[in-house]
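The numbering of the sequence shown is this note's numbering, which starts it at 3 and goes up by one. Glycine included, each C-beta is placed from N, C-alpha and C at the ideal position.
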Amino acid sequence: MAGILGCILGLLFLPPLVSLVANGIHAGVPVLAAIGIDHLSTLVLKTASLAILATVWATILALPFAWLVVRTNIPWRSLWRWLGTIPLAIPSYIGALTYITLLGPAGLVNDVIRSITGNVTPWVTIYGFWGGVFVLGSFTYPIMFLFLTSALERTNPSLEEAARSLGHGRLGVFRLVTLPLLRPTILAGGLLIFLYAISDFGALSLLRVQVLTTEIYHQLNTRFDQAAAALLSCLLVVIAMIVLIGQHLLLGKRDYTTVTGSAREPQPLDLGPWRWPALTWVLTVLTISFFLPLGLLFYQSGVGSLFAKVLEAQWHFVTNSVWIGALTATLAIAIGAMVAYISQRSGPWAGRSLSNMTQIGYAIPGTVLGLSLILLYNTY
Numbered sequence: 003m004a005g006i007l008g009c010i011l012g013l014l015f016l017p018p019l020v021s022l023v024a025n026g027i028h029a030g031v032p033v034l035a036a037i038g039i040d041h042l043s044t045l046v047l048k049t050a051s052l053a054i055l056a057t058v059w060a061t062i063l064a065l066p067f068a069w070l071v072v073r074t075n076i077p078w079r080s081l082w083r084w085l086g087t088i089p090l091a092i093p094s095y096i097g098a099l100t101y102i103t104l105l106g107p108a109g110l111v112n113d114v115i116r117s118i119t120g121n122v123t124p125w126v127t128i129y130g131f132w133g134g135v136f137v138l139g140s141f142t143y144p145i146m147f148l149f150l151t152s153a154l155e156r157t158n159p160s161l162e163e164a165a166r167s168l169g170h171g172r173l174g175v176f177r178l179v180t181l182p183l184l185r186p187t188i189l190a191g192g193l194l195i196f197l198y199a200i201s202d203f204g205a206l207s208l209l210r211v212q213v214l215t216t217e218i219y220h221q222l223n224t225r226f227d228q229a230a231a232a233l234l235s236c237l238l239v240v241i242a243m244i245v246l247i248g249q250h251l252l253l254g255k256r257d258y259t260t261v262t263g264s265a266r267e268p269q270p271l272d273l274g275p276w277r278w279p280a281l282t283w284v285l286t287v288l289t290i291s292f293f294l295p296l297g298l299l300f301y302q303s304g305v306g307s308l309f310a311k312v313l314e315a316q317w318h319f320v321t322n323s324v325w326i327g328a329l330t331a332t333l334a335i336a337i338g339a340m341v342a343y344i345s346q347r348s349g350p351w352a353g354r355s356l357s358n359m360t361q362i363g364y365a366i367p368g369t370v371l372g373l374s375l376i377l378l379y380n381t382y
């Protein structure tokens, strides 16, 4: 059964990938020279750097947030845990649009500063590399948040209690016990965020960040050069595969997490007077990723009657989005459940091979997959 499912999965993603690689190889040295080695090196470095920094920023937002809502007595922690996942509903390019409204050269912040100082030069801008890092990290942190909250709930609390009994403070327990136990979880969540970041096109194009995905679009839609786009796409896949292999080498067969077999839940840590600074951190994260973008969207949409008219006129786009999302989610759940079931009940080699094969799908960004399908099925 594992072999049959593996063949089906291989037939789904291997033909477009093989077509992409073949076109990239066919492009060869002339296309590489036309793009320019220096320009290509800059694109690769900028793409990898942006994805790494966005992953770090997402982890900085998610790790304290997850620990606070799972392990402490922060006020209304159930509410914050629910709200912590809501930013996943806001696409990164929508988030980029809202922050352009706020922090763009003609945004609200610069308008206020301009009215006070009279200086027409923008004081702050969201455009550029660091704006891309900020936006991608701010709207992908819920991925890490979901991983971490689940891991913190499953981790045996007796290890942390033993560390406290040995005289370690809260920070020492977190650094010496909790963080090492969360290392595989952070790597797994970071992998997904990294792959999302290197494959993002919408937000980075709006923020005018030149990376591999935007260059692929430029080559394909401005210069109509499919060979160059294929070559750049191959580089994007290589970056993703290197990261996947690196994660596998870092973790290997090691398991850092100890799962409790008892029904006892850990007692929430009393933060004392630090409850309110902790609440401030949670509110800051949610403001950056949810409250502020949502408020700016309502501000941009105008009065309620105008919003209703636009929604009525464009309702077919809403229904299309819902149908596509529902069908895609159903198909993904069905395939994922089948893969997980067979992987757990097959031999070690077959199960591991099937699991690794599904991970390869994460190594193919949506931009690259779209181009590979065009190259495979285009009959012009």
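Whose C-alpha, out of Ala64, Leu296, Ile27, is nearest the C-alpha of Leu184? Here the closest residue by C-alpha is Ala64.
How close, in whole Å, do the beta carbons of Ser21 and Ser374 come, if the pair is a contact with beta carbons under 8 Å? About 6 Å separates the two Cβ atoms, so the contact holds.
Identify the continuous alpha helix (DSSP H) that holds Asp40 and give its terminal residues. Looking at the DSSP string, the run of the alpha helix (DSSP H) that includes Asp40 is 39 to 73.
Could you tell me which residues DSSP puts in a beta bridge with Thr286? Thr286 is bridged by DSSP to nothing; it lacks a bridge partner.
Determine the direct distance from the alpha carbon of Arg277 to that of Lys48, and round the result to whole angstroms. Computed Cα separation, rounded: 39 Å.
Just the C-alpha distance for Arg225 and Ala342, rounded to the nearest angstrom, thanks. Cα to Cα, the separation comes out at about 43 Å.
So, for Tyr129: in the same chain, excluding its five sequence neighbours on each side, which residues have a beta-carbon less than 6 Å away from its beta-carbon? The answer, listed in chain order, is Leu209, Arg210.
Taking the straight line between their C-alpha atoms, what separation do you get for Val137 and Ala205? Rounded to the nearest angstrom, the gap between the Cα atoms of Val137 and Ala205 is 8 Å.
Taking buried to mean at least 16 other C-beta atoms within 10 Å of its own C-beta, is Ser235 buried or exposed? Result: buried.
Cβ neighbours of Asn112 in the same chain (closer than 7 Å, five flanking residues each side left out): So the list reads Pro124, Trp125, Val126, once near-sequence residues are dropped.
Enumerate in chain order the residues of its own chain whose CB-to-CB distance from Pro107 is below 6 Å, with the five nearest sequence positions on each side excluded. So the qualifying residues of the chain are Pro124, Thr127.
Cβ-Cβ distance between Ile54 and Phe196 below 8 Å: Result yes, Cβ atoms of Ile54 and Phe196 sit closer than 8 Å.
What residue range does the alpha helix (DSSP H) around Arg116 cover? 110 to 119 is the extent of the alpha helix (DSSP H) around Arg116.
Where does Leu271 fall in DSSP's three states? Leu271: strand per DSSP, three-state reduction.
For Gln249, I'd like the list of residues in its chain whose CB is within less than 7 Å of its CB, leaving aside the five on either flank, ordered along the chain. Hits under 7 Å: Leu189, Leu193.
Look at the Cβ atom of Phe141, then the Cβ atom of Ile92, and state whether they are nearer than 8 Å. Taking 8 Å as the cut-off, the Cβ atoms of Phe141 and Ile92 count as close.
Assigned secondary structure, Ala265 (DSSP; H/G/I helix, E/B strand, else coil): Residue confidence is low: Ala265 scores 46 on pLDDT, short of 50, so the model does not pin down where it sits. No coordinate-derived value is stated.
Supposed contact pair Phe300 and Leu85 - C-beta distance, whole angstroms, cut 8 Å: Phe300 and Leu85 do not touch by the CB rule: their CB atoms are close to 17 Å apart, not below 8 Å.
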